[in-house]
Structures are given as structure tokens and as C-alpha cells.
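Quick notes on the structure that follows.
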Amino acid sequence: MTTKLTLTVEKEIIKKSKSFSKKTGTSLSNIVENYLASIVEEKQNAQVSEKLSKVVGKVKLPDSFDEERELKEYLEKKHL
């Protein structure tokens, strides 16, 4: 179920956002929704990471492992 949300945003940001929306073929509503969902997901993942840090500390990851990049790629695939 969707519901209406009213936001106050700087004019220049709205202008750029509308242009981006048109170029990507994605509505502003979807862009905002995906962004908000990614913030919530990221926060939830951070909380889980804290809880699992003791367990995960037992696992050795390669030095080249980039957790932020991996999370970003995961969220992009999930939400776009």
C-alpha cells in the first residue's frame, strides 16, 4: 500500500532530480522510495553486523574485501 508524502526540497535539487528522473525513466517517487529503503536496510544491516561481529571475527576475509562496496552493490541490485 502506498501513501502520499509531502517534502520540502531546494528548487535546484528538484530541478536536477526531475532531469535525472526523466533520463533514467524512473519516477521521483520511486527514486525517493528506493533511497529511503536503502537507508533503512543499511541501518538494519549495521545493527546485525554489530551483533554478529564476535562470530564474524572468527572468519578471515581477504585484505582486498571492501565491505562498503559489497553492500552498495547488493543494495543497488536489490532496489534498482
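So the sequence shown is numbered by UniProt numbering: it starts at 1 and just counts up by one. Backbone N, C-alpha and C fix where the C-beta goes; we use that ideal spot for every residue, glycine too. None of these values were measured; they are calculated from a predicted model.
C-alpha distance - residue i paired with residue j, whole-angstrom precision
i, j, result
"residue 3", "residue 25", "21 Å"
"residue 10", "residue 63", "42 Å"
"residue 27", "residue 20", "9 Å"
"residue 16", "residue 60", "43 Å"
"residue 36", "residue 74", "15 Å"
"residue 22", "residue 76", "19 Å"
Endpoints, the alpha helix (DSSP H) within which residue i is located
i, result
"residue 20", "11 to 24"
"residue 93", "What the structure shows of the chain is the stretch from 1 to 80, and residue 93 is not part of that stretch, so it cannot be assessed."
heavy atom of the ligand SAH below 6 Å from residue i C-beta
i, result
"residue 78", "As far as ligands go, the structure on display features none, and thus does not contain the ligand SAH."
Reference residue i, options the options, closest by Cα
i, options, result
"residue 7", "19, 29, 22 and 16", "29"
"residue 72", "60, 62, 63 and 41", "41"
"residue 78", "39, 22 and 14", "39"
"residue 1", "65, 68, 33 and 75", "33"
C-beta neighbour in chain B for residue i, strict 7 Å
i, result
"residue 36", "Checking the listed chains, one finds no chain B in this structure; it contains a single protein chain."
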